[in-house]
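Visitor: If you scroll down you'll find the structure; I have some questions about it.
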Amino acid sequence: MADPACERLALIGVGLIGSSIARAARQFGAARHVAVMDSSPQVVRRASELGLADVATQGYAQAVGGADLVIVCTPVGACGDVAQSLAPHLQKGAVLSDVGSVKGAVVAQMTPHLTEPARFIPAHPIAGTEFSGPDAGFATLFQNRWCILTPPDNADAAAVERLTKFWMRLGANVETMSVAHHDAVLALTSHLPHLIAYNIVGTADDFGDETRSEVIKFSASGFRDFTRIAASDPVMWRDIFLANKDAVLQMLGRFNEDLSVLQRMI
């Protein structure tokens with residue numbers, strides 16, 4: 145393997161994103177050694193069956209020990225507890241990152257547990273599907289997709305460079321922005337659309353059985369797009385909405401104002 149982005153990669157959480165990173169890192173030579181860790185024994189067993197990594201474990205020490213790049217791939221609401229659990233096992237000089245769709249809350253949760261906060265480089269690959277779990281991932285998920293890095297002001301330049309190289313090796317286009325700007329932009333481009341999709345599908349579900357069946361039968365492509373989005377992991381999206389609630393509520397308020405204007409015009 146020529147010039148990998150890291151020697152030993154550890155992934156905490158083996159859902160859609162974690163399993164896709166594992167597959168891509170192996171396929172595109174981004175890491176010489178891949179370890180995955182998940183709290184679920186069923187997920188760990190399935191990761192082993194799928195051959196996602198050199199090591200699949202429920203233990204932080206076995207996954208994180210010796211890794212020079214550790215990426216937390218859990219729902220954003222769990223990131224603080226994960227950081228607390230993995231911090232004692234991080235080797236000095238290791239780069240730590242995440243994949244959360246919200247950055248402000250994740251930084252606030254994880255940073256207090258770290259002895260080298262300048263080497264914590266938050267990241268958000270803007271890629272995904274409505275599916276979840278280790279079987280849902282695929283190696284090309286990040287090809288020609290954006291990955292946003294939100295390094296702190298005192299970030300270690302070498303850590304940023306290593307993480308940038310890693311994501312580019314996986315096929316992503318890398319952009320850097322501040323935490324606050326990221327959360328405002330994603331509230332509009334991602335979080336609000338998901339919130340609207342959940343609400344529209346919930347409205348359709350409130351109809352009686354006969355009308356509900358007709359809604360499904362005669363749904364056009366636009367409505368089917370909403371149902372696809374609303375099929376995403378509800379726990380993950382609950383955490384995202386709550387973690388970025390200030391920006392989401394601001395965007396939702398502006399959307400409601402525009403919706404009221406349309407309602408009056410009609």
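For reference, each letter of the sequence shown is one residue, going 145 to 410 in the numbering used here.
The C-beta atom is built at its ideal place from N, Cα and C for all residues, glycine as well.
#1: Give the straight-line distance between the Cα atoms of Val208 and Gln287, rounded to the nearest whole angstrom.
#2: Locate the alpha helix (DSSP H) running through Asp327, then write down its first and last residues.
#3: Would you give the residue range spanned by the beta strand (DSSP E) that Asp182 belongs to?
#4: Grab me the residues of Val226's own chain with a C-beta within less than 7 Å of its C-beta, minus the 5 sequence neighbours each way, in chain order.
#5: Thinking Gln235 and His257 are a contact (beta carbons under 8 Å), I'd like their distance in whole angstroms, please.
#6: Buried or exposed for Gly87, please, with buried defined as at least 16 other CB atoms from any protein chain shown within 10 angstroms of its CB.
#7: Select from Ala249, His325, Arg372 the residue whose C-alpha is nearest the C-alpha of Ala341.
#8: Tell me which same chain residues have a C-beta within less than 6 Å of the C-beta of Val304, skipping the five on either side of it?
#9: Which class does Thr371 belong to by DSSP, given the choice of helix, strand or coil?
#10: If you scan the stretch 196 to 260 from start to end, which runs of the alpha helix (DSSP H) of 4 or more residues do you find wholly inside it?
#11: Looking only at its own chain, which residues have a Cβ that is under 6 Å from the Cβ of Ser276, when we skip the five neighbours before and after it?
#12: Taking the Cβ atom as the reference point for each residue, do Ala375 and Glu260 lie within a distance shorter than 9 Å?
#13: What's the call for Gly237, buried or exposed, on a 16-neighbour Cβ count within 10 Å?
#14: In angstroms, rounded to a whole number, what distance separates the CA positions of Glu193 and Ser183?
#15: Going by C-alpha to C-alpha distance, which of Asp279, Gln186, Ala222 sits closest to Ile165?
#16: Among Val329, Asp300, Leu293, Met380, which one has its Cα closest to the Cα of Met312?
#17: Run through the DSSP bridge pairs and tell me what Ile156 is partnered with.
#18: Go through its chain and collect everything with a Cβ distance to Leu396's Cβ below 8 Å, but skip five positions before and after it.
#19: Going by DSSP, what residue range makes up the alpha helix (DSSP H) through Pro378?
#20: Pick helix, strand or coil for Leu314, following the three-state DSSP scheme.
#21: Roughly how many angstroms separate the alpha carbons of Phe310 and Ser163, rounded to a whole number?
#22: May I ask you to report which of helix, strand or coil DSSP gives Ala175?
#23: If you reduce the DSSP assignment to three classes, tell me which class Pro269 lands in.
#24: Go ahead and label Phe385 buried or exposed: buried means 16 or more other beta carbons lie within 10 angstroms of its beta carbon, across all protein chains shown.
#25: Cutting at 7 Å between CB atoms, please list the residues of its own chain near Thr347, excluding the five before and the five after it.
#26: From Gly272 to Arg408, what distance separates their C-alpha atoms?
Guide: With the given structure in hand:
#1: 26 Å
#2: Per DSSP, the continuous alpha helix (DSSP H) segment holding Asp327 begins and ends at 323 to 330.
#3: Segment: none, Asp182 is in no beta strand (DSSP E) and carries neither H nor E.
#4: Ile156, Val216, Thr218
#5: With a Cβ gap of about 16 Å, Gln235 and His257 do not count as contacting.
#6: Residue 87 lies beyond the residue range present for the chain, which begins at 145 and ends at 410; the question has no answer from this structure.
#7: With distances taken between Cα atoms, Ala341 lies closest to Arg372.
#8: Ile265, Pro295
#9: helix
#10: If one requires a minimum length of 4 residues, the alpha helix (DSSP H) runs lying completely within the stretch 196 to 260 are 204 to 208, 223 to 230, 248 to 254, in chain order.
#11: Gly159, Leu160, Asp377
#12: no
#13: Burial call: exposed.
#14: 16 Å
#15: Nearest to Ile165 by alpha-carbon distance, out of Asp279, Gln186, Ala222, is Asp279.
#16: Leu293
#17: Met181, Val216
#18: These residues qualify, in order along the chain: Leu336, Leu339.
#19: 378 to 387
#20: coil
#21: 15 Å
#22: Three-state DSSP puts Ala175 in a strand.
#23: strand
#24: Label assigned to Phe385: buried.
#25: none
#26: 37 Å
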